[in-house]
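As structure tokens, the structure follows; a few thoughts come after it.
Residue numbers (full-length UniProt numbering): 1 to 118.
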């Protein structure tokens with residue numbers, strides 16, 4: 001898979017200098033931008049995580065993630081719902097509010113696990 005930086009930049013709506021910064025790790029690549037890059041290169045988002053040492057060992061909140069869940073997490077993060085959730089969550093600037101949001105989602109999920117709707 002080869003594509004000139006200028007072509008990739010044009011397809012994802014950034015300058016080729018920005019693509020260079022992504023490649024060198026100077027700038028972070030957000031979830032939605034990673035999705036755009038994957039679509040431009042015609043690869044799944046999971047392509048960028050293959051053969052990564054230690055992949056799947058840390059969760060968003062620093063807890064261990066079971067290796068069997070990694071593809072499931074990547075699939076969700078690259079889905080429309082996952083991207084919407086990530087975008088909304090990343091806009092929350094207050095760490096306490098983010099923590100409470102995680103608690104709320106866990107409570108809702110636990111309610112569904114127990115067959116209850118919250």
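Glycine is no exception: its CB is placed at the ideal position from the N, C-alpha and C atoms.
- Between which two residues does the alpha helix (DSSP H) harbouring residue 82 extend? 80 to 90
- Task: Please name the residue in 32, 79 and 78 whose C-alpha comes closest to that of residue 13.
- Result: 32
- Item | Spatial neighbours of residue 83 in its chain, beta-carbon cut-off 7 angstroms, leaving aside the 5 residues before and after | 31, 32 and 35
- Item | Integer Cβ distance of residue 74 from residue 49, believed to fall under 8 angstroms | 6 angstroms
- Should residue 78 be labelled buried (16 or more other beta-carbon atoms within 10 Å of its own) or exposed? buried
- Message: Comparing C-alpha positions only, which one of 93, 45 and 88 sits nearest to residue 71?
- Response: 45
- Message: I need the straight-line Cα distance from residue 22 to residue 91, nearest angstrom please.
- Response: 21 angstroms
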